[in-house]
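There are 2 protein chains.
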Amino acid sequence: MTNPALIDELKTLVEPGKVLTDADSLNAYGKDWTKHFAPAPLAIAFPKSIEQVQAIVRWANEHKVALVPSGGRTGLSAAAVAAHGEVVVAFDYMNRILRFDEIDRTVVCEPGVVTRQLQDFAADKGLYYPVDFASAGSSQIGGNIGTNAGGIKVIRYGMTRNWVAGLKVVTGKGDLLELNKDLIKNATGYDLRQLFIGAEGTLGFVVEATMRLDRAPTNLTALVLGTPDLDSIMPVLHAFQDKMDLTAFEFFSDKALAKVLARGDVPAPFETECPFYALLEFEASTEERAEQALATFEHCVEQGWVLDGVMSQSEQQLQNLWKLREYISETISHWTPYKNDVSVTIGKVPAFLKEIDAIVAEHYPDFEIVWFGHIGDGNLHLNILKPDAMDKDEFFAKCATVNKWVFEIVQKYAGSISAEHGVGMTKRDYLGYSRSEAEIACMKAIKAVFDPNGIMNPGKIFV
Amino acid sequence: MTNPALIDELKTLVEPGKVLTDADSLNAYGKDWTKHFAPAPLAIAFPKSIEQVQAIVRWANEHKVALVPSGGRTGLSAAAVAAHGEVVVAFDYMNRILRFDEIDRTVVCEPGVVTRQLQDFAADKGLYYPVDFASAGSSQIGGNIGTNAGGIKVIRYGMTRNWVAGLKVVTGKGDLLELNKDLIKNATGYDLRQLFIGAEGTLGFVVEATMRLDRAPTNLTALVLGTPDLDSIMPVLHAFQDKMDLTAFEFFSDKALAKVLARGDVPAPFETECPFYALLEFEASTEERAEQALATFEHCVEQGWVLDGVMSQSEQQLQNLWKLREYISETISHWTPYKNDVSVTIGKVPAFLKEIDAIVAEHYPDFEIVWFGHIGDGNLHLNILKPDAMDKDEFFAKCATVNKWVFEIVQKYAGSISAEHGVGMTKRDYLGYSRSEAEIACMKAIKAVFDPNGIMNPGKIFV
C-alpha cells in the first residue's frame, strides 16, 4: 500500500482531523528535547479513546508500520523521536482525569494528563503527588511511566513506579491488558505492570493509569549546608537520615553555585565559600522536629563535616534555597553543556565522582565540569561546559571520547549509564556497560512476546 | 538414565552428603505448610554456592528433571511442594549475611537467610527491616522474594518488592543474571528484577539478594478502637492518614476477639463490646505527635465512628494490644478454619465483606465466619470455622462450593484471589478470576523465555 493510501486508512481509525501530516506537525511531534536525530515521521495520529489506540495498533500490525508514542516530548534520550517514517501516536487528546477515590487516594488518569495537572489535582484534594522534576509542566503521565521518571523527591517517595497502582496497556498485538486493578496486594503471578513501567513504549502503550497520592507534607523546610570536601557529604546524609525521613537530599558544586549566583536574581545562602553544597529538605511537622534538625546541623559542624549552613524559616526562604539547585540546569545551558545522567550506589559516589573528575581534567584541562544531582539516590548529573573558544563540533567530538571513559568508570563501579533519563536511541549503543548480554537477550525475547511484529517504538533501548 | 543413576550424578554437583533421599527428608522437604498434596520428591539437594545452583539447573535441563525451590516452607499455597518426583533445591546451607553497607543501608543476603535473622541484624545496626509476619521466625528471604511477602506493615513500608535493591538469579537456562546492581535509579531497559519477585521460582531461583533497611521507628504506639459497624472503619482510617503516616492499620471482628480473649492470657482492650475493632500503629516520635493521635481519636468518637478505644503507654501495652491481632490465627486453628486470603481496593472493603458474609450465611447458617486482616491495604483473611458436629470432609466439600462464590464476588469487585499467599498449586485453577486469558498467555510466554524446558517449579501458578 502506498503511503497516501496508508494515511487515508489511518484517518478512518480516529476522529476527523486527528491525523496530521503537515511539515510543522511532523517536525514538532517527531522529536523530544534531544537534538541528535532529525524528525521524519510519516504522520501524527491523535486517538481519543482506548479503542482508537487498539485500532491504530492493529492497523500498524497489518501494514507493518512502526509506531512511536508521544507525550510531553520532554525526554532526554530520544525515546520519543520518530526519525524513520514511523507514525507518531500522540496522547494530547487523552488528557482527562477520569476518577478520584478518596479512601484509596487514587486518581485514574488518561496517559496525556500533564504531571503538573495531576500535582495540582492532588493539592486541590488536600493530597500530594510526589514525583516532581523540572519538566513537570509539560511532561505527561504516560511518558513518566514509560521512563519510570524520578526527580527531586526520590529519596523519600521513590520513582514513578511506586505510584502506579494499576495500568491499562495496549500491547504490540493490540490486546488491552488491565494490570493489577489498583490493588495494594495481589500475589497472582508475574506483575506485568512492572514490565511496562520504564519500557519506553517498546512493549505497548499505556492508555490509562491509576496513580496513588500521598498525604500532603507538612511545613517543608530546607537546609543548605556547605561542606569542606565531597567526602563530608556522606556522613551528613547519614546523620540526618538517622533522625528523620528526608524528602530531598541534593548536591551541587561551587562552580554550579557560582553560575547561578552570577545571574543576580537569587541570594547566596551564606557568606562562607565551600567546594560542595548539600540541599536537604524535611517536614518540620512539629517544633521538636525542627529543633532536632538544628541539633543535627550543629553536630555536623562540630564534626567538621559542615562549614556553614542555613535553614529556611518561611515558604519564601524555602523557595529561594531551592532556586539555588533548580536554576542550575537552565543557567548552564548557555555553555552548551555535554550532559550525562549516571548513578552508582550511594556509598560509592565520592570515589566515583573524583575518578571521573580526574580523567577529564587530565585529558581536557580546559573543560569545566559542573556537578549536581540527587546525591541521596546516588544519581549524578555530569555536565561538561564548552570552552568559549572551542568550536561546537570539536567540543562534541571530544566529549564522545569522554563518554567512553565515563561509561568505563560507571561499569567499574557497577553503576547505571542512565539513572533516570532512559535509553532511547542516545544510550542504546552503550547499554552493554550496564546490562549483560544475557539480560539484553532476555529483554529482546520479552519484547517479542508483547510485540511479535516489532512495531512498538522499534530501535529504542536496543536494536 | 535410571533414577539411581540420576541421583548419583546429582551427588557429584554438590558437597558430600548434600543430597538426601531418605523417607523422612523427602517428606519434610517435599512440602510447605499446606496439607493438600502428598510430598513425593526424587531427592533433596543442598547447594552451598551459586555455582552449585547453576550446575544443578544445567543438570536438570540435560535430563529434563523438574526442580522445586525450598526455603522456610512456610508457604500457604503449595508453591514449594514437590508432589511429582521433582528434585527439591533447599537453600538451608546458603544462609549467610555476606555484606552490610552503612551509607546505602543495604544487606547482601544468601537466599536461605531467615527473615528474623535479617530483622535482628538490622536492629543490631540500629536500623530496621520492616517486612514482618507470623512466620518470620522460619521463612527465608529467597521465599519472601519468590512470593513478594507482605504482612502487617505494608501500609507504611509496602511489600517485599520495595526492599529488594538487587537480585542475583539463576534462570531456568542456568544463566546467572545480576539484576539492578543495588541501584536506586537505573533507567536502562526492562527491570527484570521485578519479574522474579513474586514469580514463585517458576522463572529461576534467587541465589543472592541485596535488601534495603530503613531508619528504626521511634516509640511505636498502638491504638485499638472499637467501631459501631464496618462502615465506620474507613473514615477512621481516613482521619488518621490525613494527619500522620500509620505503620499498621489492622482489623478484626468481635468473633475473632472473643476467641482470643477466651484463652485467658491477654487482657481485653476495654470494656465496651463492639462488632469490629481496628488496631492502628504510628511513631509517637514527639509528644506533639502523640497528642495529635489522641485528638484524632477524640474526633472519631465525636463523629460516632468509634465507640471506645485505648492507646498504648508502654512497650508492654503495645505488645499486649498487638497480641489481640496476632494470636487470632493460632487461636482459631482449633476449629480447622477454611482460609481465604483476598483483596480489593480499600474503599470497596465494607461492601465486599458484607456480600461474602451474606452469601455464606444464607447457604450455611451454621458456619461461623471470622474476619481479620490488613484492612488498610484492602487485604482480608476470611476464615470459615468448622461446626464441631460436622465431619471434616463434609466441611471442606462445602467450603469448596463457598470458594467459588467468594471468587465470583472477588471478580465482581475486581479484586485478587490471593492477596499475599501466592498462587502455587492451591489457587492455580482459580487464576482466571483475577487475571485475563491474555495476561496468562503472556505469563506463560515469559516463563518460556527464562525456562524453555519448563524445569523450574512446573505446575505452579499455571499448568
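These protein sequences, in sequence, are chains A and B. Under UniProt numbering, the very last position in the first sequence is 463; numbers go up by exactly one each time. Under UniProt numbering, the very last position in the second sequence is 463; numbers go up by exactly one each time. The C-beta atom is built at its ideal place from N, Cα and C for all residues, glycine as well.
Residue i at chain B interface by Cβ criterion, 9 Å
| i | result |
| --- | --- |
| A/PHE462 | yes |
| A/GLY172 | no |
| A/LYS162 | Residue identity check: residue 162 of chain A is Asn in the sequence provided, not Lys. Yes, its Cβ sits closer than 9 Å to a Cβ of chain B. |
| A/TYR128 | no |
| A/ASN403 | no |
| A/CYS442 | yes |
| A/VAL423 | yes |
| A/LYS168 | no |
| A/LEU280 | no |
| A/LYS427 | yes |
| A/SER434 | yes |
| A/ARG289 | yes |
| A/ILE417 | yes |
| A/ASN453 | no |
Spatial distance of residue i from residue j (CA atoms)
| i | j | result |
| --- | --- | --- |
| B/ILE369 | B/THR401 | 15 Å |
| B/GLY143 | B/HIS421 | 11 Å |
| B/CYS300 | B/LEU324 | 21 Å |
| A/GLN117 | A/ASP92 | 13 Å |
| B/LYS185 | A/LYS444 | 22 Å |
| A/THR272 | A/ASP229 | 14 Å |
| A/ALA43 | A/ALA83 | 12 Å |
| A/TYR190 | A/ASN320 | 45 Å |
| B/SER253 | B/GLU281 | 18 Å |
| B/LYS350 | A/PRO337 | Position check: residue 350 of chain B holds Pro in this sequence, whereas Lys was assumed. Whole-angstrom Cα-Cα distance: 56 Å. |
| A/THR221 | A/ALA239 | 17 Å |
| B/ARG96 | B/VAL107 | 11 Å |
| B/GLY454 | B/VAL463 | 10 Å |
| A/PRO217 | A/VAL81 | 37 Å |
| B/HIS381 | A/PHE100 | 27 Å |
| B/VAL68 | B/LYS398 | 31 Å |
| B/ARG73 | A/MET244 | 37 Å |
| A/LEU246 | A/ALA122 | 21 Å |
| B/MET425 | A/THR188 | 12 Å |
| A/THR21 | A/ALA66 | 16 Å |
Residue i burial status per 10 Å Cβ neighbour count (16 or more: buried)
| i | result |
| --- | --- |
| B/ARG105 | buried |
| A/ARG161 | buried |
| A/ASP341 | buried |
| residue 467 of chain B | Outside the displayed range of chain B (1 to 463) lies residue 467 of chain B, so it cannot be described from this structure. |
| B/ASP377 | buried |
| A/ALA262 | exposed |
| A/MET1 | exposed |
| B/ARG435 | buried |
| B/ASN383 | buried |
| A/GLY75 | buried |
| A/GLN52 | buried |
| A/ASN3 | exposed |
| A/SER314 | exposed |
Residue i at chain A interface by Cβ criterion, 9 Å
| i | result |
| --- | --- |
| B/ARG58 | no |
| B/PHE37 | no |
| B/VAL154 | yes |
| B/ASP366 | no |
| B/ARG73 | no |
| B/ASP191 | yes |
| B/GLN117 | no |
Residue i CB to nearest heavy atom of the ligand NAP below 8 Å
| i | result |
| --- | --- |
| B/LYS427 | The ligand NAP is absent from the structure shown, which contains no ligand whatsoever. |
How about the stretch 297-313 of chain B and the stretch 203-213 of chain B: do they share at least three Cβ pairs that are nearer than 8 Å?
No, because fewer than three Cβ pairs between the stretch 297-313 of chain B and the stretch 203-213 of chain B fall closer than 8 Å, the two stretches do not touch.
Indicate whether the contact test is met: 3 or more Cβ pairs, each with one atom in the stretch 130-139 of chain A and one in the stretch 224-235 of chain A, closer than 8 Å.
Too few Cβ pairs lie closer than 8 Å, so no.
Alpha helix (DSSP H) segments (min. 4 residues) lying fully within the stretch 375-449 of chain B:
Correct list: 392-412.
What are the uninterrupted segments assigned as alpha helix (DSSP H) that are 4 or more residues long and contained completely in the stretch 166-217 of chain A, given in chain order?
Taking only runs of at least 4 residues, the alpha helix (DSSP H) segments lying wholly in the stretch 166-217 of chain A are 192-196.
Completely contained alpha helix (DSSP H) runs for the stretch 141-168 of chain A, where each covers 4 or more residues:
You should have 141-147, 154-157.
Segment contact, 8 Å Cβ cut-off, at least three pairs: the stretch 7-14 of chain B with the stretch 22-30 of chain B
In short, these stretches do not touch, since the Cβ pair count stays below three.
Answer yes if the stretch 439-456 of chain A comes into contact with the stretch 440-455 of chain B, meaning at least three C-beta pairs across the two stretches below 8 Å, and no otherwise.
The answer is yes - the stretch 439-456 of chain A touches the stretch 440-455 of chain B, with three or more Cβ pairs under 8 Å.
Inside the stretch 77-133 of chain A only - alpha helix (DSSP H) runs reaching at least 4 residues:
The stretch 77-133 of chain A contains, as complete alpha helix (DSSP H) runs of 4+ residues, the segments 115-124 (chain order).
Are the stretch 356-371 of chain B and the stretch 403-410 of chain B touching by the rule of at least three beta carbon pairs closer than 8 Å?
Counting Cβ pairs under 8 Å, three or more are found: they touch.
Is the number of C-beta pairs between the stretch 50-64 of chain B and the stretch 159-173 of chain B that are closer than 8 Å three or more?
Between the stretch 50-64 of chain B and the stretch 159-173 of chain B there are three or more inter-stretch CB-CB distances shorter than 8 Å, so the stretches are counted as touching.
So within the stretch 9-59 of chain A, which uninterrupted beta strand (DSSP E) runs reach at least 3 residues, ignoring any that extend past its ends?
Here the runs fully enclosed are 43-45.
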